[in-house]
Amino acid sequence: NAGVTQTPKFQVLKTGQSMTLQCAQDMNHNSMYWYRQDPGMGLRLIYYSASEGTTDKGEVPNGYNVSRLNKREFSLRLESAAPSQTSVYFCASKWATGTALATNEKLFFGSGTQLSVL
Amino acid sequence: ILNVEQSPQSLHVQEGDSTNFTCSFPSSNFYALHWYRWETAKSPEALFVMTLNGDEKKKGRISATLNTKEGYSYLYIKGSQPEDSATYLCAHTTGNQFYFGTGTSLTVIP
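Put into structure tokens, the structure is as follows:
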């Protein structure tokens, strides 16, 4: 009963270093998301993937890249980390069903990655 | 980017009190409105999704209403308990993208 699994849970980087945040879901969901959480800002969408093989920018994509490796996995890469990218990152996948008139959907979130860039 | 606003930012209530929060969102191009509950050190968990004007959803002591014409939703908690302490997030969705508010932090004092 894993749901959405994110790794690592914590990471400290120096400015300019690169890293990849991993996310995997075992619920066969089509859509996956990366959010960042900053104090007073709410959850802000970085990138999303509506289906395997597609990715789209969200509200705050600058400085990030993503890969939808397969239906299960959606990774987020910081090519050259900056202190402004210090944040808590959440991956999510979307369950959805229903007709166009009465869609039922919800997001399942991972446990988050706390990233500090020094 | 859709502007979703929640009020109040934080709330302290006594155990047994009833309370409510507000989520406001753009009323044009409405698709769905979500409420999530986010406990400290955990991940957000879905409470409700509402799609139609006038929708009301209920789960135990928690209920929510939706007005898509004027662009707001209310979340109500009846007889608050300490375990209700959490941040309550609302999110407006256009289908693929979810736009979250900054949340209302509720503390229930025993």
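Protein chains in written order, with my numbering: chain A, 39 to 156; chain B, 47 to 156.
All C-beta atoms, glycine included, are put in the ideal place defined by N, C-alpha and C.
1. Any idea what DSSP makes of E129(B), helix, strand or coil?
2. Please report how far the alpha carbon of L114(A) lies from the alpha carbon of T93(A), in whole angstroms.
3. Compare the C-alpha of V154(B) against each of G147(B), Y120(B) and G62(B) and name the closest.
4. Tell me the DSSP bridge mates of I155(B)?
5. In three-state DSSP terms, what is Q52(B)?
6. I need the straight-line Cα distance from S119(B) to G141(B), nearest angstrom please.
7. Whose Cβ in chain B lies nearer than 7 Å to the Cβ of N142(A)?
8. Is P46(A) closer than 9 Å to T151(A) when the C-beta atoms are compared?
9. Output the residue ranges of the beta strand (DSSP E) runs that lie fully inside the segment 106–152 of chain A and measure 3 residues or longer, sorted by chain position.
10. Can you name the residues that DSSP bridges to F67(B)?
11. Assuming S149(A) and G54(A) form a contact by the criterion Cβ under 8 Å, report the distance between their Cβ atoms to the nearest whole angstrom.
12. P90(B) and F147(A) look like a contact to me (Cβ under 8 Å); what is the Cβ gap, rounded to whole Å?
13. Under a CB-based cut-off of 9 Å, is Y134(B) close to chain A?
14. Sort E97(A), G41(A), A62(A) and V42(A) by Cα distance to S105(A) and report the nearest one.
15. So which residues on chain A does N49(B) lean against when the C-beta distance must stay under 7 Å?
16. With distance defined between alpha-carbon atoms, name the residue in C129(A), M57(A), T135(A) and S122(A) nearest to F112(A).
17. Should S125(A) go down as buried or exposed, given a rule of 16 or more other Cβ atoms within 10 Å for buried?
18. At the 9 Å Cβ level, is D64(A) part of the contact set with chain B, yes or no?
19. Under DSSP, the beta strand (DSSP E) around N113(B) begins and ends at which residues?
20. Can you find the residues in the same chain that come closer than 6 Å, C-beta to C-beta, to F76(B), ignoring five residues on each side of it along the sequence?
21. Since A92(B) meets chain A, which of its residues come closer than 7 Å, beta carbon to beta carbon?
22. What is the DSSP secondary structure of D64(A), reduced to helix, strand or coil?
23. Applying the 10 Å Cβ sphere with the 16-neighbour rule, what's the burial state of E85(B)?
24. Report all residues from its chain with a CB closer than 6 Å to the CB of V98(A); omit the five preceding and five following residues, and keep chain order.
25. Can you check which of these residues, T58(A), K109(A), K132(A) and A134(A), is closest to N103(A) by C-alpha distance?
Looking at the atomic coordinates:
1. Reduced to three states, the DSSP call for E129(B) is helix.
2. 11 Å
3. G62(B)
4. Q60(B)
5. Looking at Q52(B) - three-state DSSP - the assignment turns out to be strand.
6. 18 Å
7. Residues of chain B passing the Cβ test: V95.
8. With a cutoff of 9 Å on beta-carbon distance, T151(A) and P46(A) are scored as near each other.
9. 112–116, 125–135 and 142–147
10. The partner list for F67(B) (beta bridge, DSSP) reads L121(B).
11. Between G54(A) and S149(A) the Cβ distance is about 27 Å, and since that is not below 8 Å, they are no contact.
12. So it is a contact: roughly 5 Å between Cβ atoms.
13. Taking CB atoms only, Y134(B) has no neighbour in chain A less than 9 Å away.
14. A62(A)
15. In chain order: nothing, as chain A lies at least about 11 Å away.
16. C129(A)
17. buried
18. no
19. I108 to N113
20. T114
21. K144 and L145
22. coil
23. The residue is exposed, with fewer than 16 neighbouring Cβ atoms inside 10 Å.
24. R82 and I84
25. The shortest Cα separation from N103(A) among T58(A), K109(A), K132(A) and A134(A) belongs to T58(A).
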